[in-house]
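Engineer: Letter by letter, the sequence shown follows residues -19 to 253 in the numbering used here.
For each residue, glycine too, the CB sits at the ideal point set by N, CA and C.
Since this is a predicted model, take the numbers as computed values, not measurements.
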Amino acid sequence: MNYLTAIDDTLHYSASAKPIELYVFLDPYCKDCWSLQPILRKLQVEYDHYFTLRIALRTPLPKLNVPYLCDSKDSSPTKSSNPCFPSIAVKAAEFQGKRAGFRYLSCLLEYSFLKKRDVSSFSVLVEIAARINIDVDEFIADFTSAETLRALQVDMFLGNEMEVAEAPTFVFFNSNIEDEGLKVSGRYDYAIYEQILEELIGGQILPDMPPSISSLFNRFDLLTTKEVAEIYQITEKEAERELKKRLLKQQIERIPFQDRTLWRKKQHDCSLY
């Protein structure tokens, strides 16, 4: 698929699609994008039968204009570090599926803002790929491909076309292709995004039944006790009790962090850090 075809396919609405198209512009270096993750996950769990989600990157141009810093004796970026690498890595992961790309971005933000790891390092980015169980060899091959850079260019083009100046930014489109998109820049309470969906649908929206906890952790890599409580509409104490049951069965693992408790699916073949 060439560059122009990719842009054309992205911008043209399909009549068989869900009634809303939602573009979410994120920056791997943006702390607000990290704190937005629980809101975006809850929207997906409850209302993704109403919208098609497209994650696009909105990374400042100076970060993308730095040339690769590869080892002079090796054309691969294995020993390299570069500010543009996180954005390239997310697009490389997307070649293994849209969900893989979203999980990769979520894990990358975790590494950056929770673990304080250097996500501009290629070795760290490969570690993230292994952490979320995507094909690492394929990820490395896609990372250095021209197609991945073209995919990143498509995101930049979309951001310019939609006049997105910052991350995070949500852009909603309804089924009428002649209507302009509704752009919401910054981070807001969950109820605001629900209200926008209702206005665009033109009536009451009904949430899906939440999946099982096992399915939830298969879909999302890292969740807080509060997130689980809100998704299942139970108290945090009840959520913690259910999560501890799965902890004892070694299905999930617990990560205490500041004033929160984080949970994720148990990985028996890799360490936490």
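Is it the case that the Cβ atoms of SER206 and THR128 are separated by a distance below 9 angstroms?
Structural biologist: A small correction: the amino acid at residue 206 is Lys; Ser does not occupy that position in the sequence shown. Not a contact, by the Cβ cut-off of 9 angstroms.
Engineer: In the DSSP assignment, the beta strand (DSSP E) including LYS245 goes from what residue to what residue?
Structural biologist: Counting along the chain, the beta strand (DSSP E) containing LYS245 begins and ends at 240 to 245.
Engineer: ASP254 and ILE112: beta carbons closer than 9 angstroms?
Structural biologist: Residue 254 is absent from the structure shown; the chain starts at -19 and stops at 253.
Engineer: Anyone know if the C-beta pair for PHE153 and VAL164 falls short of 9 angstroms?
Structural biologist: Not in contact: PHE153 and VAL164 (Cβ atoms no closer than 9 angstroms).
Engineer: In terms of residue numbering, what span does the beta strand (DSSP E) encompassing LEU6 cover?
Structural biologist: Residues 0 to 6.
Engineer: What are the residues that DSSP puts in a beta bridge with GLU233?
Structural biologist: Per DSSP, ARG244.
Engineer: Classify ALA36 as helix, strand or coil using the three-state DSSP reduction.
Structural biologist: Strand, per DSSP.
Engineer: Compare the Cα-Cα distances from ASP122 to each of LEU85, ILE232 and PHE75 and report the closest residue.
Structural biologist: The shortest C-alpha separation from ASP122 is found at PHE75.
Engineer: If I follow the unbroken beta strand (DSSP E) through VAL144, where does it start and stop?
Structural biologist: No beta strand (DSSP E) contains VAL144, which DSSP labels as neither H nor E.
Engineer: Taking only the alpha-carbon atoms, compute the straight-line gap between ILE232 and LYS245 and give it to the nearest angstrom.
Structural biologist: About 4 angstroms.
Engineer: Please report how far the alpha carbon of ASP98 lies from the alpha carbon of GLU222, in whole angstroms.
Structural biologist: Taking the straight line from one Cα to the other gives about 34 angstroms.
Engineer: Who pairs with LYS163 in a beta bridge, going by DSSP?
Structural biologist: According to DSSP, which records beta bridges pairwise, LYS163 is partnered with VAL151.
Engineer: For GLU143, collect the residues of the same chain with a Cβ closer than 7 angstroms to its Cβ; drop the 5 residues on either side in sequence, then sort them by chain order.
Structural biologist: Counting only Cβ-Cβ distances below 7 angstroms, and skipping sequence neighbours, we find nothing.
Engineer: Relative to the alpha-carbon of GLY81, which residue among LYS96, PRO148 and ILE108 has its alpha-carbon at the smallest distance?
Structural biologist: Residue ILE108 is the option with its Cα nearest to GLY81.
Engineer: Buried or exposed, going by whether 16 or more other CB atoms sit within 10 Å of the CB of GLY139?
Structural biologist: By the neighbour-count rule (16 or more Cβ atoms within 10 Å), GLY139 is buried.
Engineer: For ILE176, which of TYR91, TYR27, PRO191 and GLU158 has the nearest alpha-carbon?
Structural biologist: Per the Cα distances, TYR27.
Engineer: Nearest CA to the CA of CYS13: which residue from ILE35, ARG199, ILE181 and TYR30?
Structural biologist: Of the candidates ILE35, ARG199, ILE181 and TYR30, the one whose C-alpha sits nearest the C-alpha of CYS13 is ILE35.
Engineer: Name the residue from SER155, ASP7, ALA147 and LEU242 whose alpha carbon lies nearest to the alpha carbon of LEU88.
Structural biologist: The option with the nearest alpha carbon to LEU88 is ASP7.
Engineer: Just checking THR39 against the ligand MG - is the residue's beta carbon closer than 8 angstroms to any of the ligand's heavy atoms?
Structural biologist: The model depicted lacks the ligand MG and carries no ligand whatsoever.
Engineer: Whole angstroms is fine: what's the gap from LEU16's alpha carbon to ASP117's?
Structural biologist: Taking the straight line from one Cα to the other gives about 30 angstroms.
Engineer: Name the DSSP bridge partner or partners of THR124?
Structural biologist: Per DSSP, none; premise fails for THR124.
Engineer: So, for SER100: in the same chain, excluding its five sequence neighbours on each side, which residues have a beta-carbon less than 7 angstroms away from its beta-carbon?
Structural biologist: Same-chain partners within the cutoff: SER61, ASN62, PRO63, PHE65 and PRO66.
Engineer: Verify whether the separation of the beta carbon atoms of PHE5 and ASP159 is less than 9 angstroms.
Structural biologist: Going by C-beta atoms, PHE5 is not nearer than 9 angstroms to ASP159.
Engineer: Looking only at its own chain, which residues have a Cβ that is under 8 angstroms from the Cβ of ARG167, when we skip the five neighbours before and after it?
Structural biologist: Same-chain partners within the cutoff: ASP12, SER15, LEU16, ILE19 and PRO148.
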